[in-house]
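Let me begin by presenting the structure, written as structure tokens, before commenting on it.
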Amino acid sequence: MIELALFKLESTLLHPSPVRTACVSAVLDEAGIDVHPCLVDATLGLPTALTLRLLAPGAKDELEAMHRELERRLVAAYASSKDSPEVFGATRCLERLQMMDIRVAIDTGFSRPVVDVLLERLGWVARGILDAVVTAEEDAIDAALQMTRVRSALRVARIGKSTFDVLTAAEAGCRVRALVGEASTFEGLPYTHAIPSATLVPELLRRIQQSEARRSMAPVRYENPALVRSA
42 MIELALFKLE
52 STLLHPSPVR
62 TACVSAVLDE
72 AGIDVHPCLV
82 DATLGLPTAL
92 TLRLLAPGAK
102 DELEAMHREL
112 ERRLVAAYAS
122 SKDSPEVFGA
132 TRCLERLQMM
142 DIRVAIDTGF
152 SRPVVDVLLE
162 RLGWVARGIL
172 DAVVTAEEDA
182 IDAALQMTRV
192 RSALRVARIG
202 KSTFDVLTAA
212 EAGCRVRALV
222 GEASTFEGLP
232 YTHAIPSATL
242 VPELLRRIQQ
252 SEARRSMAPV
262 RYENPALVRS
272 A
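Every number in this note's numbering is 41 more than the matching position in the sequence shown, counting from 1.
Set out below in structure tokens:
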């Protein structure tokens, strides 16, 4: 039985935003490092410190100062932005999960100061719809289990979008490993389900619960065909 849904914040519940790309690019530009925005976008969801290490491998001595400047820019940019950052239906998705007695956690590549600004704008803390927030400084799955007091990763649904998300979920033993996007782009990865939007997670978990209750072998929609065939 699934007791916890753990979402990668940036890639599943938020719109792709130019804010992060602009801030990272500005910091790199100030350091005299020219990086194409597409490469910056490819690091979405990674800790910001790791992002800088990957994009500026030759700036080891300046990385700490660059990271401080990036954090400052991100906090200021998200605090002043007027756009709604969430994917349409994200708030309702999290509320539905809590109505199903499933705990909700998010993990993010942002530090605590940055994510606090984002969550204040989203209003999720005030609504009481988050049971745990895991930041870049922590191990996502282990920290979420401890914060929510869920005993086993077998009771976790991990929702992400990257190879890293699904590989770490598989290594931890998460029962559900859902990737957001087209299944054809995830070939060869150990995901259990591919969904077009994270807002479909409540329906996906409801169907899984019903299937488990009936002890049925009928495949649930969005299942990974490769895993079904190998079962």
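Idealized CB from N, CA, C, for every residue including glycine.
In the displayed model, I170 falls within coil according to three-state DSSP, outside both helix and strand. By the Cβ neighbour-count rule, E112 is buried, with 16 or more other Cβ atoms within 10 Å of its own. DSSP places R199 in the strand class (E or B) of the three-state scheme.
A Cβ-Cβ separation of about 16 Å leaves T176 out of contact with F205 under the 8 Å criterion. When DSSP assignments are scanned along the segment 135-193, the uninterrupted stretches of alpha helix (DSSP H) that are 4 or more residues long and fall wholly within it turn out to be 153-163, 165-168 and 181-189. Beyond the five residues adjoining it in sequence on each side, T62 comes within less than 8 Å, by CB distance, of P78, V81 and D82 in the same chain, given in chain order. Here the C-alpha atom of H56 lies approximately 32 Å from the C-alpha atom of R192.
Around the beta carbon of D172, a 10 Å sphere encloses 16 or more other beta carbons of the protein chains shown; the residue is thus reported as buried.
Boundaries of the beta strand (DSSP E) harbouring V217: V217 to V221, taken from the DSSP string. Remark: C-beta atoms of V242 and R216 do not approach each other more closely than 8 Å.
8 Å or more divides the Cβ of L85 from the Cβ of A239. Excluding five sequence positions before and after P126, the CB atoms of its chain that fall closer than 8 Å to its own CB belong to L55, H56, S58, Y119, L159, R162 and L163, given in chain order. The residue among V156, R153 and I143 with its C-alpha nearest the C-alpha of I170 is I143. For A97, the three-state secondary structure derived from DSSP is coil.
Per DSSP, H234 is not a residue of any alpha helix (DSSP H); the beta strand (DSSP E) it occupies stretches across H234 to I236.
When C-alpha distances from R190 are compared across H234, V145 and D124, the shortest belongs to V145. Taking the C-beta atoms as reference points, Q250 is found nearer than 8 Å to M42. Apart from sequence neighbours up to five positions away, the residues of its chain that approach V166 with a beta-carbon distance below 6 Å are L160, ordered along the chain.
Between the alpha carbons of S203 and A67 lies a distance of about 25 Å. With fewer than 16 other beta carbons inside 10 angstroms of its own, K101 counts as exposed.
When the alpha-carbon of V155 is set against those of M141, Q139 and V174, the nearest one is in V174. Assignment of A72 by DSSP, reduced to helix, strand and coil, places it in the coil class. In this structure, the CA atom of H108 is about 28 Å from the CA atom of R199.
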